[in-house]
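Asker:
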Amino acid sequence: MSINDILKNPWDIFNEIDDETKQEFELSNMLVDIACKIINYRLDNDLTQQDLAKKLNKTQAMVSKLESGEYNPTIEFLYKISKKLGWKFELIFEEINNEDGIILNMEKEQILNEKTRKEIELLKGLAS
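Under the numbering used here, the residues of the sequence shown are numbered 464 to 591, in order.
Structural data, given as structure tokens:
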């Protein structure tokens with residue numbers, strides 16, 4: 464018996480979940496991505512939550528909520544934050560495996576080097 468016989472493909476588990484739970488999971492994943500992006504920015508720039516709050520013209524409590532991944536900001540809110548932090552902000556709507564998909568992107572650099580692209584393609588191949 465191989466390891467593949469014992470372990471289940473995680474995407475199979477995800478595909479077995481009802482649509483409402485999938486949507487909650489996907490939204491939660493986006494909020495965590497946003498939180499990580501903000502935390503990384505703050506730490507990379509040696510800022511406290513209070514420092515970042517001043518830069519964003521928000522309260523420290525709002526920065527804390529964003530970093531928790533539990534606050535669901537509006538698109539306008541994210542756009543304004545991205546401009547204050549010097550980030551490119553874009554929303555991409557596209558078809559993914561015949562399902563509607565949305566990609567939220569808040570990055571300083573959108574250019575992936577060839578090695579990274581190849582790694583992503585390899586990971587996509589392993590996931591399918």
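Glycine is no exception: its CB is placed at the ideal position from the N, C-alpha and C atoms.
Owing to the predicted nature of the structure, the values given are computational and were not obtained by experimental measurement.
Grouping DSSP H, G and I as helix and E and B as strand, with all else coil, what is residue 544?
Answerer: The answer is helix: DSSP assigns residue 544 an H, G or I state.
Asker: Can you grab the Cα-Cα spacing for the pair residue 482 / residue 476, in whole Å?
Answerer: Taking the straight line from one Cα to the other gives about 13 Å.
Asker: First and last residue of the alpha helix (DSSP H) that includes residue 530?
Answerer: Run containing residue 530: 523 to 531, per the alpha helix (DSSP H) assignment.
Asker: Taking contact to mean 3 or more Cβ pairs, one atom from each stretch, closer than 8 Å, check whether the region 534 to 551 and the region 478 to 497 are in contact.
Answerer: The region 534 to 551 vs the region 478 to 497: in contact.
Asker: Taking all protein chains shown into account, decide if residue 574 is buried (16 or more other Cβ within 10 angstroms of its Cβ) or exposed.
Answerer: Interpretation of residue 574 is limited by its pLDDT of 41, a score under 50 that renders its predicted location unreliable; no figure is taken from the coordinates.
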